[in-house]
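Counting the sequence shown from 1 gives a position; this note's numbering is that position plus 13. First up is the structure itself, then whatever we jot down about it.
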Amino acid sequence: MTLHFLVVEGNTAAGREEYRIGFGKAPNESYADALREIAPGAACDVCFPADLGADLPASLADYDGVFLTGSALNVYDGGPAVERQIELARSVFASGAPFFGSCWGLQVACAAAGGRVLKNPRGREIGFARRIWPTDAGRHHPLLDGRPPAYDALCSHIDVVELPPGGVPLASNEMANVQAAEIVFAGGRFWGVQYHPEFSFAEVAAIVERRADALAREGFAVDGNAGRAYAGDLRALDEGRATGPLTWSLGAGESVLTAKARRLELSNFIAERVLPEKSERGRA
């Protein structure tokens, strides 16, 4: 069964190029790679709604799943690059296509459905989102099936959401009241997370390295060199050079050490939403 996915790139052309210089791939490319690891043979189309005049899909309902990537944009800044993505998200909701988003994807879906996005008064969360706990609803929700009572995830964000009517918080931690959510709007249903299940350690390392001096000014490290050393440790994990002392010093546990564990929400979404709904459409 060949799956047909749409990956919606959240960044502008300039943002994609900066990301590619640091990591080697744009977010849509690494996201598509993660999806194909979970669903080998999946076909992944990409669209760029942040770009003026970009071609957008004619029929969203034909996709087995639509995925929104992260982004360096902020919803509350507004502007055409943001508004076009919010309008596309409303169209995805209305199409009924299975709909998932990471970080920026959650924020855009939330705004599209009438919620709010704001700068986190608790500050930035980067590297690891620690001690995430499922809510009462989340403990029984298939998106988080297999997650323990507390888990960590890879992340990079400074914005958080206030859910709209029809939004159900599924997970929280001390940094964000909404770390995972379901949103029902306009006949569609969205599952999303504030963290990044698609990320590798190398991708987080590239983000930290690119922002090392700024992160030091925010108090994450004594100086930029310390931030770059931290990025080097993350790369060591990515390359399989993890030692007991290194995983201990980074606090990297079972919920993040393997790609299978990190991508659990994506795997659950494909298993619980994409495949059953594709099968149902096939029978219809």
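Note that beta-carbon positions come from the ideal geometry of N, C-alpha and C, so glycine has one too.
Coil, strand or helix - Glu-185 by DSSP: Looking at the sequence itself, residue 185 is Ser, so the reference to Glu does not match. Residue state, collapsed to three classes: strand.
Coarse secondary structure for Asp-58, derived from DSSP in three states: strand
Strand pairing of Cys-123, partner residues [DSSP]: Its beta-bridge partners do not exist; DSSP assigns none.
Among Tyr-164, Val-287, Lys-38, Leu-86, the one whose alpha carbon lies nearest that of Phe-18: Val-287
Rounded C-alpha distance that separates Arg-294 from Gly-109: Roughly 12 Å between the two C-alpha positions.
Collapsed DSSP secondary structure at Asp-226 in the structure displayed: helix
Secondary structure, beta strand (DSSP E): runs of 3+ residues fully inside the stretch 76–121: Correct list: 78–81, 112–115.
Helix, strand or coil at Val-287 [DSSP, three-state]: helix
Any non-hydrogen atom of the ligand ADP within 8 Å of Ala-47 CB: By its list of ligands, the structure shown contains no ligand whatsoever, and the ligand ADP lies outside what it can speak to.
Closest by C-alpha distance to Val-269, when choosing among Arg-160, Ser-115, Ala-150: Arg-160
Proximal residues to Pro-40 (C-beta, below 8 Å), its chain only, five neighbours per side dropped: Glu-22, Gly-23, Asn-24, Arg-29, Tyr-32, Thr-82, Gly-83, Ser-84
Same chain only: Cβ atoms within 7 Å of Thr-148, ignoring 5 sequence neighbours per side: Pro-182, Leu-183, Ala-184, Ser-185
Limits of the unbroken beta strand (DSSP E) element including Tyr-208: Segment: none, Tyr-208 is in no beta strand (DSSP E) and carries neither H nor E.
Sequence-distant residues of its chain with Cβ nearer than 7 Å to Leu-69 (five each side left out): Cys-60, Pro-62, Leu-101
Beta-carbon gap between Ile-51 and Ser-262 smaller than 9 Å: Cβ atoms of Ile-51 and Ser-262: not closer than 9 Å.
Proximity winner among Gly-257, Ser-169, Met-14, Ala-56, relative to Ala-219 (alpha-carbon distances): Ser-169
For Ile-139, the residue or residues it bridges with in DSSP: Ile-139 has Ser-169 as its beta-bridge partners, per DSSP.
Where Arg-144 falls: helix, strand or coil (DSSP): Three-state DSSP puts Arg-144 in a strand.
Meets three-Cβ-pair contact criterion under 8 Å: the stretch 140–159 and the stretch 118–129: With a cut-off of 8 Å, the stretch 118–129 and the stretch 140–159 do not count as touching, because too few Cβ pairs lie within range.
9 Å Cβ cutoff, Thr-25 in contact with chain D: Of the protein chains in the structure, only one exists, and it is not chain D.
Any 3 or more C-beta pairs closer than 8 Å across the stretch 228–242 and the stretch 205–213: no
Phe-233 - DSSP class collapsed to helix/strand/coil: coil
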